[in-house]
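Comments concern the structure below.
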Amino acid sequence: MSSNHSNRTVWIYNDLPPGVVAGASLMADNWQRALPAFGLTPRLFAPSGSARRTHDSDSVTFRTMRNVGYPGDWHARFSLLAELRRVGPDRPDAIIVATPLRVGTLGLATASIHGIPLVVVHSSDMSSIAEYFGSFRAMASAASKLLGLHLLSAPVRSAFWRREAMAAAFRTRRHAGVITVHGIRAIYSEAAAIVVLGEKMRREVDSWNMTVPVHTIPLGVDRLPVRDSPVTVKWPEGRLRLLYVGRFSREKNVELLIHAVRHATDRGVDVHLALCGEGHMVRRLRALVTELGLDDRVDLIGPFPHDELQAVYSSADVFVFPSRADSQAMALNEAALEGLPMIGCDPHVNAVLVDGQSGIVIEDDAEQWAGAIETMTDADVRRSFGLRARELAERSSEKSQMFKLASVVHDAIDRARSGH
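Just so we're aligned, residue 0 is where the sequence shown starts under numbering that gives the first Met the number 0, counting upward by one.
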């Protein structure tokens with residue numbers, strides 16, 4: 000990057016609070032931390048339930064759309080329209096939208112109304128959104144955002160109602176999903192660039208046949224810090240130690256792991272599973288463990304702060320990740336950097352998970368998973384997979400990937416200034 004790219008400002012809009020152990024939040028934290036090294040000064044717009052966080056943070060936080068706090072403010076209140084008006088004096092050089100939900104919509108509207116170059120990071124699988132929020136809530140939310148952008152943005156209206164685009168959407172989607180996906184597609188039509196995190200999201204965006212440039216840039220992940228007083232996980236002696244790290248929610252498919260342990264145990268495999276995380280399915284998972292007679296073989300642990308998870312990963316033998324709804328699954332990178340072999344269901348979720356090289360990719364069938372677990376009892380197999388997993392993960396460092404993202408943002412700014 001040339002020196003004339005210094006001191007540019009970029010506003011980041013994200014719908015998860017800072018510091019949450021979830022992909023979109025970790026992604027925004029990553030950008031805030033690393034973008035300044037590449038000539039971009041970020042300001043994060045994100046929700047927060049904490050007035051203290053508003054006071055202490057460099058970010059702009061939303062408790063509601065009518066309660067927006069800036070650094071140093073305890074009780075600042077701005078309406079959505081007031082927020083759009085005040086962009087004038089503070090106008091950024093570019094906007095990055097990480098999630099097209101409530102706060103993300105403000106970023107999309109701000110970019111449209113003020114003609115600010117927009118980079119959209121397509122990081123959410125549509126099925127994952129529906130699972131997490133529920134189909135009705137997801138559809139209602141998508142419809143309200145689309146309506147708002149219809150009122151604010153003529154280009155979005157034009158893109159949404161183009162006959163050929165609507166026809167293509169109905170050929171490839173069914174009922175409610177048509178409006179959600181087609182609406183997202185119309186919104187993205189105003190972007191200067193779209194960034195996807197991997198092959199899975201690239202396939203989805205490519206199927207929309209858009210003219211906006213699309214860049215595949217997985218989020219860079221460095222090894223988590225090694226702590227002087229690390230978190231300890233109590234594993235029974237002599238058992239194969241399986242670890243899952245992530246949210247306990249339906250789309251993560253965690254129940255499959257418990258059934259797989261039951262099948263593996265019935266095969267005579269001496270195995271123990273630790274499920275590390277939190278979520279609304281905790282009680283259901285505990286009940287399933289008891290129902291299958293696995294109280295001595297499955298533990299629910301944590302949650303732990305993200306920067307303390309290194310010791311949790313390094314204590315395990317195998318990392319297991321049954322989700323098909325993730326766009327990158329950063330936990331796979333974190334596990335791979337600790338040299339863990341992996342078992343997963345989705346061959347396109349992350350470049351570090353390669354069947355037969357860094358782990359085993361199989362269908363979401365408990366009996367097949369039991370077979371894969373049995374294969375992992377061989378220490379030589381685990382060692383070979385683990386070495387390859389680390390090698391693949393080290394290719395996508397935070398610095399190397401942030402350079403690529405910053406280049407896309409700078410290019411969007413340059414093209415806007417040159418009239419292209």
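Where a beta carbon is used, it is the ideal one built from N, C-alpha and C, also for glycine. Since the structure is predicted, the reported quantities are computational estimates derived from the model, not experimental observations.
Practice task
Note down, in chain order, each residue of its chain lying with its Cβ closer than 6 Å to the Cβ of H258, except the 5 sequence neighbours on either side.
Solution key: For this step, residue 258 is matched to residue 259 along the sequence shown. If we look at H258 and ignore the five residues flanking it on each side, its Cβ neighbours are A365.
Exercise for the section: Please confirm whether P340 and R381 have their CB atoms less than 8 Å apart. Expected result: Position 341 of the sequence shown, counted from the start, is the residue given in the question as residue 340. Position 382 of the sequence shown, counted from the start, is the residue given in the question as residue 381. Yes. Within cutoff.
Handout entry: Rounded C-alpha distance that separates F384 from E397
Key = Against the sequence shown, residue 384 aligns to sequence position 385. Against the sequence shown, residue 397 aligns to sequence position 398. When rounded, the distance between both Cα atoms is 23 Å.
Practice task
Go through its chain and collect everything with a Cβ distance to R184's Cβ below 6 Å, but skip five positions before and after it.
Solution key: By 1-based counting over the sequence shown, the position of residue 184 is 185. If you ignore the 5 residues before and after R184, its C-beta comes within less than 6 Å of the C-beta of W207, all in its own chain and listed in chain order.
Problem - Cβ-Cβ separation, D269 to G237 (assumed contact under 8 Å), whole Å - result: By 1-based counting over the sequence shown, the position of residue 237 is 238. By 1-based counting over the sequence shown, the position of residue 269 is 270. That belief holds up - the Cβ atoms of G237 and D269 are roughly 6 Å apart, short of 8 Å.
Problem - Residues sharing a beta bridge with H214, DSSP - result: By 1-based counting over the sequence shown, the position of residue 214 is 215. Per DSSP, V194.
Exercise for the section: Look at the Cβ atom of E420, then the Cβ atom of R226, and state whether they are nearer than 8 Å. Expected result: Any question about residue 420 goes unanswered here, given that the chain covers just 0 to 419.
Practice task
Reducing DSSP to helix, strand and coil, say where T8 ends up.
Solution key: Along the sequence shown, one-based indexing puts residue 8 at 9. Of the three classes helix, strand and coil, the one that applies to T8 here is strand, per DSSP.
Practice task
Assign D377 to buried or exposed, taking buried as 16 or more other Cβ atoms, counted over all protein chains shown, within 10 Å of its Cβ.
Solution key: Sequence index remark: in the sequence shown, residue 377 carries index 378 (1-based). In this structure D377 is exposed. Its beta-carbon is surrounded by fewer than 16 other beta-carbon atoms within 10 angstroms.
Exercise for the section: Alpha carbon to alpha carbon, how far is I94 from D14? Give it in angstroms, no decimals. Expected result: Walking along the sequence shown from the start, residue 14 turns up at place 15. Walking along the sequence shown from the start, residue 94 turns up at place 95. Spanning the two alpha carbons is a distance of roughly 14 Å.
Handout entry: Proximity winner among A21, P46 and L39, relative to Y12 (alpha-carbon distances)
Key = One-based indexing of the sequence shown puts residue 12 at position 13. For the residues A21, P46 and L39, the minimum Cα distance to Y12 belongs to P46.
Exercise for the section: Identify, in the order they occur along the chain, each residue of the same chain with its Cβ nearer than 6 Å to the Cβ of K251, setting aside the five sequence neighbours on each side. Expected result: To locate residue 251, count along the sequence shown from 1; it is residue 252. Non-local beta-carbon contacts of K251 in its own chain, meaning distances under 6 Å to residues more than five positions away in sequence, involve G245 and S322 in chain order.
Practice task
Answer with buried or exposed for E475, where buried requires no fewer than 16 other C-beta atoms within 10 angstroms of its C-beta.
Solution key: Residue 475 cannot be examined here, being either before or after the span of the chain that is shown, 0 to 419.
Practice task
Figure out for me which residue from P91, V118, P99 and A350 has the closest Cα to the Cα of V220.
Solution key: By one-based count along the sequence shown, residue 220 stands at place 221. Nearest option by C-alpha distance: A350.
Handout entry: Residue burial classification, A36 (beta-carbon count within 10 angstroms, cutoff 16)
Key = The sequence position of residue 36 within the sequence shown is 37, counting from 1. Burial call: exposed.
Problem - As assigned by DSSP and simplified to three states, the class of R414 - result: Position 415 of the sequence shown holds residue 414. In the structure shown, R414 sits in a helix (DSSP, three-state: H, G or I).
Handout entry: Span of the alpha helix (DSSP H) around H258
Key = Counting from one through the sequence shown, the residue named residue 258 turns up at place 259. Taken as a continuous stretch (DSSP letters only), the alpha helix (DSSP H) holding H258 covers V253 to D265.
Handout entry: Spatially closest choice to V408 from I115, M26, A108 and D28, by CA coordinates
Key = Here residue 408 refers to the residue found at position 409 when the sequence shown is read from its first residue. Residue I115 is the option with its Cα nearest to V408.
Practice task
For N6, count neighbouring Cβ atoms within 10 angstroms of its own Cβ and tell me buried if that reaches 16, exposed if not.
Solution key: As a working note, residue 6 is residue 7 in the sequence shown. N6 counts as exposed, since fewer than 16 other beta carbons sit within 10 angstroms of its beta carbon.
Handout entry: Inter-residue Cα distance where the pair is P304 and A388
Key = Stepping through the sequence shown from its first residue, residue 304 is reached at position 305. Stepping through the sequence shown from its first residue, residue 388 is reached at position 389. If you draw a straight line from the Cα of P304 to the Cα of A388, it comes to about 24 Å.
Problem - Status (buried if at least 16 other CB within 10 Å, exposed otherwise) for R202 - result: As a working mapping, residue 202 is identified with position 203 in the sequence shown. Around the CB of R202, fewer than 16 other CB atoms lie within 10 Å, so the residue is classed as exposed.
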